[in-house]
Structure formats: structure tokens, C-alpha cells
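Novice: In the numbering used here, the protein residues as written are 11 to 326.
Glycine residues also receive a C-beta, built at the ideal position from the N, C-alpha and C atoms.
The structure presented is a predicted model; accordingly, all values stated were derived computationally and were not measured.
Pasting a structure below so you can have a look.
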């Protein structure tokens, strides 16, 4: 007899139509036993996990849920695992009086992530665990967890900013949330580096919106003004505005080692449009401020040391 059911929509429907919760749980567990790992199959399994979590919580049997799901976690991308684990805890959290169960689930997952060296997932679960410990007034352990998390997120963000700004943004965001929960003044630096990442991934237009949002308004000051100026320079492709920003906000930009480290990359990103450059160069040539000609076919500017040579070229 087959021990598993195919991870398809019909199997999910079968579980939802079952006559008892126990039967629904059994069907969903058999769906998760399907070893297929196509995108469609994995999507069905995600839905099965959500329903299974609801049923097990309803039956007060969710304690070992994550243990049951470990084989499934080996089949899916690490980033998706983090999303699913957080989703499981979110489902359990909707049921009143499950704080201790949530803490137990978090502790179990933290142990597993240590063994499997799933650092990113561990940090996400530890952040949730710290929040739950704060709720239960276990402040010493909660603050210890948060302190380590903040340091790790900020360092990870700085490291990833060397090559992967999208990932760096995620780490800076996590650090920002943790600093914010602790009312630590370093939260503004995390926000500042988040805005830097926005610019570096061509989302400079989002910067003004973030700063003017409810969360951003409470941090208004020279640090955010500096990042707004950088974003404005990028959006307008203006090196003049960028250099003015560096001059006007020396303390916030030039003296910040992280921003300073990426200033050369910003110079490269804030490039002028080709048409604008060609127009300006043509005007300079027409005004006879230097001898040269534009070869638009190959995108080159040819400069003549001898003005007579330029005259000869024009005659031909």
C-alpha cells in the first residue's frame, strides 16, 4: 500500500473533506511524504503545512510538528524554509494561550538550525523567540538573544553590502527592527544603510517614501537628510548634486566608514545619460572650446591636438 499521496490540489481537497480532524491530519502527512520537488509540488506542500499546523494546534498536538517537517525542509531552498517556519509560528500564534507552545517550537528549531548550520534561519527564529520571551517577562534571556542578533545582523549586512545589496538590505532591516525594539540609538544607522542599499539596487525613488513614512519620520535628522540628498542625486544622474551632498554632509557621509566605502560605486552609478553627454560635448565643440569631433557610430570623442587637422577633417 502506498504510504504517501501525490502533492496535488486533489489531495488537499481530500484532506479538507475528511470526516474527522484525525483523518485530515493523516492525509496531509501523507501528502508531505511525497518526495517530488517540482515548484507545483512544493507549493501544494506549503499549503498542506499551513493546514496541518492549524489542525494539530486545534488538537493540541503541535509540539512535534517541526520535527515531523525536517525531512521536507531538506528539499526546499533555505530562504523558503525560513518563510515556512515563520508561517507555522504565525498560525500557532493566532490561537489564544499558545505562547509557551510557540517558545517550545522556536527552541526546537534553533537547536536544529545549529546542527544544520542554517545561520539565516536561526537568526530569524531567535528574533521571534526573543520577542516571545519578552512577552513572558524572561528579560535576561531575551536581551541576551537580541544583543547577539543585532551584532550579527549589522555585521552580516555590512559584509553582504560588498556584493549583494538585496541580501544586505534584509540584514540591515532585521538589525533596525531589533534596535528599534530596544530603543537603541543605533537604529538610525541601520535605517541609513537600508537606504544606501535602495540606491545601490536602483530603487532610489523609494528613499523619500521610506523617510516620509510613519516609521521614518521619527528618525528625521542629518543622517536621513544626507541619504535623501544622495538618492536625489542618483535619480537626477547629477554628479554635481552628489558631490554637493558629500560636501554638505561630511560627517554623515564622508566620515561614515560604510558610506565612504561605497562612495566610488555611487560615483559609477550616478552616470549621465548618453544623449545628455553627447549634447553637451557637441555644444563645447561648436563653441570652439576645444578641437575635436564626435563619432556617434562607435560612441567615441576624437580630440585633435592640432586645430588645423580638425578643419581638414570637416572639409572632407
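Can you tell me which of the three DSSP states residue 303 falls into?
Specialist: Within the chain shown, the letter at position 293 stands for residue 303. Reduced to three states, the DSSP call for residue 303 is strand.
Novice: Please give me, in chain order, every unbroken run of the alpha helix (DSSP H) with length at least 4 that falls completely inside the stretch 200-254.
Specialist: Entirely contained in the stretch 200-254, the alpha helix (DSSP H) runs reaching 4 residues are, in chain order, 215-222, 224-227, 232-245.
Novice: Can you give me the Cβ contacts of residue 243 inside the same chain, cut-off strictly under 7 angstroms, excluding the 5 residues immediately before and after it?
Specialist: Start at 1 with the first residue of the chain shown, and residue 243 comes out as number 233. Taken in chain order, the residues that qualify are 251, 252, 255, 280.
Novice: So, for residue 113: in the same chain, excluding its five sequence neighbours on each side, which residues have a beta-carbon less than 6 angstroms away from its beta-carbon?
Specialist: Position 103 of the chain shown holds residue 113. Here the set comprises 142.
Novice: Is it right to say residue 71 is buried, meaning 16 or more other beta carbons lie within 10 angstroms of its own, or is it exposed?
Specialist: Translated into the one-based positions of the chain shown, residue 71 becomes position 61. Residue 71 comes out exposed.
Novice: Look up residue 47 in the DSSP assignment and say whether it is helix, strand or coil.
Specialist: The residue given as residue 47 occupies position 37 in the chain shown. Reduced to three states, the DSSP call for residue 47 is coil.
Novice: Would you mind sorting residue 260 into buried or exposed? The rule is 16 or more other CB atoms within 10 Å of its CB.
Specialist: Here residue 260 is taken as the residue at index 250 of the chain shown, counted from 1. The residue is exposed, with fewer than 16 neighbouring Cβ atoms inside 10 Å.
Novice: May I ask which residues mark the beginning and end of the alpha helix (DSSP H) holding residue 15?
Specialist: Stepping through the chain shown from its first residue, residue 15 is reached at position 5. Where residue 15 is concerned, there is no enclosing alpha helix (DSSP H), given that its DSSP letter is neither H nor E.
Novice: Find out if the Cβ-Cβ distance for the pair residue 175, residue 210 is shorter than 7 angstroms.
Specialist: Translated into positions along the chain shown, residue 175 becomes position 165. Translated into positions along the chain shown, residue 210 becomes position 200. Closer than 7 angstroms, so yes.
Novice: Going by alpha carbons, who is nearest to residue 145 out of 183, 129, 126, 103?
Specialist: For this step, residue 145 is matched to residue 135 along the chain shown. It is 103.
Novice: At what residues does the alpha helix (DSSP H) containing residue 81 begin and finish?
Specialist: Translated into the one-based positions of the chain shown, residue 81 becomes position 71. Taken as a continuous stretch (DSSP letters only), the alpha helix (DSSP H) holding residue 81 covers 75-83.
Novice: In chain order, what residues of the same chain have a beta carbon less than 6 angstroms from the beta carbon of residue 262, not counting five sequence neighbours either side?
Specialist: Taking the chain shown and counting its residues from 1, one reaches residue 262 at position 252. Cβ within range, chain order: 232, 233, 236.
Novice: Alpha helix (DSSP H) containing residue 272: first to last residue?
Specialist: As a first step, residue 272 must be located in the chain shown, where it is residue number 262. No alpha helix (DSSP H) contains residue 272, which DSSP labels as neither H nor E.
Novice: For residue 25 and residue 15, what's the separation of their Cα atoms in angstroms?
Specialist: Residue 25 sits at position 15 when you count from the first residue of the chain shown. Residue 15 sits at position 5 when you count from the first residue of the chain shown. Their Cα atoms are separated by approximately 11 angstroms.
Novice: Where does residue 107 sit, in a helix, a strand or coil, going by DSSP?
Specialist: Sequence index remark: in the chain shown, residue 107 carries index 97 (1-based). Residue 107 falls in the coil class under three-state DSSP.
Novice: Look up residue 114 in the DSSP assignment and say whether it is helix, strand or coil.
Specialist: The residue labelled residue 114 in the question sits at position 104 within the chain shown. The answer is helix: DSSP assigns residue 114 an H, G or I state.
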